[in-house]
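See below for the structure under consideration.
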Amino acid sequence: MDFNPAAHDPMIENRTFDEIAIGESASSQRTLTQEDIDLFAVVSGDVNPAHLDPAYAETDLFHKIIVHGMWGGALISALFGTRLPGPGTIYLSQELHFRAPVGLSDTITTTVTVREKKPEKHRIVFDCLCVNQTGQKVITGTAEV
Amino acid sequence: MCRPRVELPEVRLSRHQRFRDLLIRTAGQPPIPVAVAHPCDALSLGAVIEMALAGLVTPILVGPQAKIHAVAAAANLDIGAFRIVDVPHSHAAAAKAVALVRAGEAELLMKGALHTNELMHEVVARDTGLRTERRLSHVYLMDVPSYPRPLLITDAALNIAPTLQEKRDIIQNAIDLAHIMGTETPRVAILSAVETIDPALRSTLDAAALCKMADRGQITGAIVDGPLAFDNAVSPQAARQKGIVSPVAGQADILLVPDLEAGNMLAKQLSFLAGADAAGVVVGATVPIILTSRADSQRTRIASCAVAVLMVRARRAAATVDAA
Numbered sequence: 011m012d013f014n015p016a017a018h019d020p021m022i023e024n025r026t027f028d029e030i031a032i033g034e035s036a037s038s039q040r041t042l043t044q045e046d047i048d049l050f051a052v053v054s055g056d057v058n059p060a061h062l063d064p065a066y067a068e069t070d071l072f073h074k075i076i077v078h079g080m081w082g083g084a085l086i087s088a089l090f091g092t093r094l095p096g097p098g099t100i101y102l103s104q105e106l107h108f109r110a111p112v113g114l115s116d117t118i119t120t121t122v123t124v125r126e127k128k129p130e131k132h133r134i135v136f137d138c139l140c141v142n143q144t145g146q147k148v149i150t151g152t153a154e155v
Numbered sequence: 005m006c007r008p009r010v011e012l013p014e015v016r017l018s019r020h021q022r023f024r025d026l027l028i029r030t031a032g033q034p035p036i037p038v039a040v041a042h043p044c045d046a047l048s049l050g051a052v053i054e055m056a057l058a059g060l061v062t063p064i065l066v067g068p069q070a071k072i073h074a075v076a077a078a079a080n081l082d083i084g085a086f087r088i089v090d091v092p093h094s095h096a097a098a099a100k101a102v103a104l105v106r107a108g109e110a111e112l113l114m115k116g117a118l119h120t121n122e123l124m125h126e127v128v129a130r131d132t133g134l135r136t137e138r139r140l141s142h143v144y145l146m147d148v149p150s151y152p153r154p155l156l157i158t159d160a161a162l163n164i165a166p167t168l169q170e171k172r173d174i175i176q177n178a179i180d181l182a183h184i185m186g187t188e189t190p191r192v193a194i195l196s197a198v199e200t201i202d203p204a205l206r207s208t209l210d211a212a213a214l215c216k217m218a219d220r221g222q223i224t225g226a227i228v229d230g231p232l233a234f235d236n237a238v239s240p241q242a243a244r245q246k247g248i249v250s251p252v253a254g255q256a257d258i259l260l261v262p263d264l265e266a267g268n269m270l271a272k273q274l275s276f277l278a279g280a281d282a283a284g285v286v287v288g289a290t291v292p293i294i295l296t297s298r299a300d301s302q303r304t305r306i307a308s309c310a311v312a313v314l315m316v317r318a319r320r321a322a323a324t325v326d327a328a
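Protein chains in written order, with my numbering: chain L, 11 to 155; chain B, 5 to 328.
As structure tokens, this is what we get:
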């Protein structure tokens, strides 16, 4: 089973601090499947019925299965580690706001954009954004790498 | 820095959901009385208690009463609620359990701690047994994680080298079971080593004859095709590559194996190397017979019992329709 159909490029390449400009961004797209939710539950141990039990989820706030919030967080992390800055990136901090639920078959476009460069320690601050197929913001936040 | 993307391991999720679905379908109805022949070890007695606790059956324990109580006490099992029919030994237990079914006191038969042959000897006895006009056969219900539907494999436990006529009964028994499990028109693959007729391979000749029997209504309620090699039976890709045009190839619900040895190895390979769950039931008698084995997990024992219970309910429903 291929759990990351977006990732077919056989090579991954980083961009160095000096090469990266403020305003630069990287994006990925991913459609949520039941397998994603199940695997995330297996890895994290988070078996909250809101994510796994359709009968319970029906009675809950959103009336359907929604994915773990940190799945979206992981999509952001994947961009840092594979695209911008790319391989070798050290993740220092991350702030996230979960603004709307993500359900099965939602297609999430994740974008990280360079907001600020800190040359003294070679650190970069990113704006992070996940939107769904209707353009609704589901996650916003900032990260430092 | 530019590096090759590291190849990730393949992940396969095994939910064992199909057996849970079976159990869900049995929920909320009164338990079925089951005669348990010689439940005189902790394993078989424990299995009976599991099935009773699951609400599937009301056990009647048939065996030496003192021994059953001793086993229960040693294993700390509570059998206070169950009726015990006291008989001296395993042979008598098999005979009495079958007699209870004939008398209508039990609608299911289950093997305890005795040899399968010992129980089956009583089941097939001409005047006192549970025979029908059908050949008795065993069906494995397998939940194979890599296969997108339940798989019935028959006969891997009872008929050693079935004749053509016996294979007809074995197929029809499995088809009837598939109907009860909710597969409306099961696809039956008759397995061999190749997909063409080879006079040197008897299973290919039998397959051809069985397909014609299905064409002529001697086998009903299913789509039958064979001979098919195992890969062509379960893999649409393999069937395509071979250029096999068949409604069964690549999506079989039932696998008829050529003989017991082939079936036994197939079922056990799926269990031990492919992580499959295997429940089993004997069909073709007047009532379903539950044979559980030592290696079964609780999930498969319960599944074997659940499918037997579904068969009894289906038979009751059919009898009601006939009466009306």
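Positions of the beta carbon are idealized from the N, C-alpha and C atoms, including for glycine.
Mind checking if residue 162 (chain B) is an interface residue toward chain L, Cβ cutoff 8 Å exclusive? Chain L places no beta carbon closer than 8 Å to that of residue 162 (chain B), leaving this residue out of the contacts.
Please go through the same chain and pick out, in chain order, the residues whose beta-carbon is closer than 8 Å to the beta-carbon of residue 50 (chain B), but skip the five residues on each side of it. Within its own chain, the residues whose Cβ lies closer than 8 Å to the Cβ of residue 50 (chain B), once the five positions on either side in sequence are excluded, are 79, 81, listed in chain order.
Would you call the CB atoms of residue 97 (chain B) and residue 67 (chain B) closer than 8 Å? yes
Over the uninterrupted beta strand (DSSP E) stretch that includes residue 141 (chain B), give me the two end residues. Counting along the chain, the unbroken beta strand (DSSP E) around residue 141 (chain B) starts and ends at 141 to 147.
Determine the direct distance from the alpha carbon of residue 287 (chain B) to that of residue 161 (chain B), and round the result to whole angstroms. 12 Å
For residue 63 (chain B), which three-state DSSP category applies? strand
If we count the other Cβ atoms within 10 Å of its Cβ and call it buried at 16 or more, is residue 172 (chain B) buried or exposed? buried
Could you check where the beta strand (DSSP E) with residue 215 (chain B) kicks off and where it finishes? Residue 215 (chain B) -> not in any beta strand (DSSP E); alpha helix (DSSP H) instead, spanning 206 to 219.
Round the Cβ separation of residue 258 (chain B) and residue 179 (chain B) to the nearest angstrom and send it over; I've been treating them as touching at under 8 Å. 7 Å
Am I right that residue 38 (chain B) and residue 112 (chain B) are in contact with their C-beta atoms under 8 Å? What's the rounded C-beta distance? 4 Å
Would you identify the three-state DSSP class for residue 20 (chain B), choosing helix, strand or coil? coil
Is there a Cβ of chain B sitting closer than 8 Å to that of residue 22 (chain L), yes or no? yes
Residues of chain B with CB closer than 9 Å to the CB of residue 49 (chain L), please, in chain order. The contacting residues are 15, 17.
On the CB-based measure, 16 or more other CB atoms within 10 Å of its CB, does residue 146 (chain L) come out buried or exposed? exposed
Tell me residue 183 (chain B)'s beta-bridge partners as DSSP assigns them. According to DSSP, residue 183 (chain B) bridges with nothing at all.
Residue range of the alpha helix (DSSP H) that includes residue 270 (chain B): 264 to 277
Considering only C-alpha positions, which residue in the set B:12, B:23, B:273, B:7 is nearest to residue 185 (chain B)? B:23
Please say whether residue 290 (chain B) and residue 136 (chain B) have beta carbons closer to each other than 8 Å? Their beta carbons are under 8 Å apart, which means residue 136 (chain B) touches residue 290 (chain B) by this criterion.
DSSP on residue 5 (chain B), reduced to helix/strand/coil? coil
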